[in-house]
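In my numbering, the protein residues as written are 240 to 342.
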């Protein structure tokens, strides 16, 4: 029996610094901005522009992962084997065309 541990994914952070110098050259202010994963407005019709492959999507954790990714507008590729009855509960979790099932 194997144990799968899932942690929150860390978002890539890209920092850029811009310094502003005043006339007396003694005061500098630094500004930092970060880039996070792009996502849609929310709801079933949002589009984020990301495509992911979800392995094990028909399991308990995979179902909630597909639901969360579908909510932010991620296009998903879900490989499966077996009958259509095993994965048809995943279809209403995202908009039409966001979930692609691959044999």
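Here a beta-carbon is modelled for each residue, glycine too, at the ideal position from N, C-alpha and C. No experiment lies behind these values; they were computed from the predicted model shown.
Closest to residue i by C-alpha separation, out of the options, would be which residue?
i           : options               : result
residue 327 : 312, 316, 340 and 291 : 340
Roughly how many angstroms separate the alpha carbons of residue i and residue j, rounded to a whole number?
i           : j           : result
residue 285 : residue 321 : 30 Å
residue 291 : residue 324 : 22 Å
residue 342 : residue 333 : 19 Å
residue 296 : residue 330 : 11 Å
residue 274 : residue 298 : In this prediction, residue 274 scores a pLDDT of 44, lower than 50, which makes its location untrustworthy; the coordinate-derived value is nonetheless stated afterwards. Residue 274 and residue 298: Cα-Cα distance of roughly 32 Å.
Terminal residues of the continuous beta strand (DSSP E) containing residue i?
i           : result
residue 286 : Here residue 286 belongs to no beta strand (DSSP E), and DSSP marks it neither H nor E.
residue 306 : First-last for residue 306: 299-310, but that is the alpha helix (DSSP H), not the beta strand (DSSP E).
residue 340 : 338-341
Excluding the 5 residues flanking residue i on each side, which residues of the same chain have their C-beta closer than 8 Å to its C-beta?
i           : result
residue 293 : 301, 304, 305, 308, 315, 316 and 317
residue 337 : 309, 312, 313, 314 and 315
residue 319 : 296, 297, 325, 326, 340, 341 and 342
Should residue i be flagged as near chain D, meaning a C-beta pair shorter than 7 Å?
i           : result
residue 293 : Looking at the structure shown, chain D is missing, and only one protein chain is on hand.
Tell me which residues share the same chain as residue i and place their Cβ nearer than 6 Å to its Cβ, disregarding the 5 neighbours each side in the sequence.
i           : result
residue 262 : Only weak support exists for where residue 262 lies, its pLDDT of 47 falling under 50; the value from the coordinates is given anyway. Excluding sequence neighbours, residue 262 sits near nothing in its chain.
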